[in-house]
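For what it's worth, UniProt numbering labels the leading residue of the sequence shown as 1, then goes sequentially.
Built from N, CA and C at the ideal position, the CB exists for glycine as well.
Keep in mind that this is a model prediction, so the values were computed, not measured.
Have a look at the structure below before the remarks.
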Amino acid sequence: MSFNKPKKKIQTRRRVDDDDSDDGDTRRINDIRELQKSRERKNGLTEIECAVGKEKAAALEDGIQMAGGTMALTGKQKARMEAAGIEAGIREQFEKETMLRDEHEELRKFIDQGLRRERGETSSSDQQGGSHVDESDVLMRAAMKLKGYRSEASNELLSEHMLAGIPEVDLGINARISNILETEKKKSELLEQALERARNAAANPRKPADDEPVLKRFAL
């Protein structure tokens, strides 16, 4: 009768697990060493000092931090840059509104000057009898109309535009004056046509006066 020796179980799985854990620990250690090496200050100049110089790099040291191998601005530096951008935008908008207000002031001076000129030349304009309309008379009449329609709340509207930050679209003084001249010229042409029709109707009394409503409208 013979006895067989019991065979030992080979624990291969445990050895494989131990090897995997050892490899994982080794990798972590290597990563930590590499990170420590990257954080060490090397002799010589840094990237920022090479780019902008030592003095500027020292000035920017508070505003720039190294994060993950890249340069990143701190919250304080970002706030300064945003504040500078907002201030520049407000300054630009204020300059636009100031230029617009100056144009309005120039137009007002032009209108006032025309009104003073018309007050001194009322007798000569009455002698002409309205038969001939030149550009100066058209400008004077347009100035009177603009004087009447001018709003007293222009400064309030200007302040509202500045607060809203919406720039007003301005055509310019030349465009405004040209529009006024064209309007007055058209009115004078219509008036001359109505007067001519009235003269023709007076010369031919048998012809029915079809232009009577037109004359009444201009008389009003």
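- Task: Specify the secondary structure class of N174 as computed by DSSP and reduced to three states.
- Result: helix
- Query: Would you report the Cα separation of T98 and E118, rounded to the nearest angstrom?
  - Reply: 30 Å
- Quick one: what does DSSP say N30 is sitting in, helix, strand or coil? helix
- Message: I need the DSSP call for G24, collapsed to helix, strand or coil.
- Response: helix
- Item | CB of L107 within 8 Å of CB of I173, strictly | yes
- Beta-carbon separation (whole angstroms), I86 vs A142, contact threshold 8 Å: Not a contact, Cβ separation roughly 42 Å.
- Task: Taking only the alpha-carbon atoms, compute the straight-line gap between E55 and D23 and give it to the nearest angstrom.
- Result: 46 Å
- Message: Please report the straight-line C-alpha distance between A79 and A51, rounded to a whole angstrom.
- Response: 24 Å
- Three-state class that DSSP yields for N204 in the structure shown: coil
- Item | Which of helix, strand or coil DSSP assigns to G114 | helix
- Item | Backbone secondary structure at G53 - three-state DSSP | coil
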